[in-house]
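S.K.: Under the numbering used here, the first residue of the sequence shown carries the number 2, and numbering increases by one thereafter.
Beta carbons: idealized from backbone N, C-alpha and C, even for Gly.
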Amino acid sequence: MRIYCTLTRSDLELLNSQGGIESDVVSGLAIYAQTTQWIAAQDESDPEVLDDEILQHSAGEQQGYLVVAEVPDSQVTELNPAQGLVQLSGPIRLKDVAAYFVVDETGEFSWFGPTELPVLLDLGR
Numbered sequence: 002m003r004i005y006c007t008l009t010r011s012d013l014e015l016l017n018s019q020g021g022i023e024s025d026v027v028s029g030l031a032i033y034a035q036t037t038q039w040i041a042a043q044d045e046s047d048p049e050v051l052d053d054e055i056l057q058h059s060a061g062e063q064q065g066y067l068v069v070a071e072v073p074d075s076q077v078t079e080l081n082p083a084q085g086l087v088q089l090s091g092p093i094r095l096k097d098v099a100a101y102f103v104v105d106e107t108g109e110f111s112w113f114g115p116t117e118l119p120v121l122l123d124l125g126r
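(1) Could you spell out where the beta strand (DSSP E) holding Gln64 opens and where it closes?
(2) Any chance you could list the alpha helix (DSSP H) runs of at least 4 consecutive residues sitting entirely within the region 26-61, in chain order?
(3) Please report how far the alpha carbon of Val103 lies from the alpha carbon of Glu54, in whole angstroms.
(4) Is Ser59 buried or exposed, if buried means 16 or more other CB atoms sit within 10 Å of its CB?
(5) Helix, strand or coil: which one does DSSP assign to Gln84?
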């Protein structure tokens, strides 16, 4: 299942230095996914539009970082299916990351590929 997760810079540094974010840290993160109920509540059915919608939804009003990752369905529990809010029982590993995003003060998203975490971290220094 594809998850969308807001992260702090410290979370990104942990992901970079340890190759993952362990379950104990992951349990405190806001994580979203395209649950069946969330998809049903949307006005669109186009997968690309739904990706954009959940990305915007998971970022909310805050600037910062987002990670998009593919994790096993068995590790995902729905907390609020209509909102797309889920809980992850396992870690987020570097090998699971599909993309990183930076959300700026205007709400614009900048995309970084799965191998570009060091570049992303260098930009923020």
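M.R.: According to the structure data:
(1) Gln64: not part of any beta strand (DSSP E); DSSP gives it neither H nor E.
(2) 37-42 and 48-60
(3) 16 Å
(4) Buried.
(5) coil
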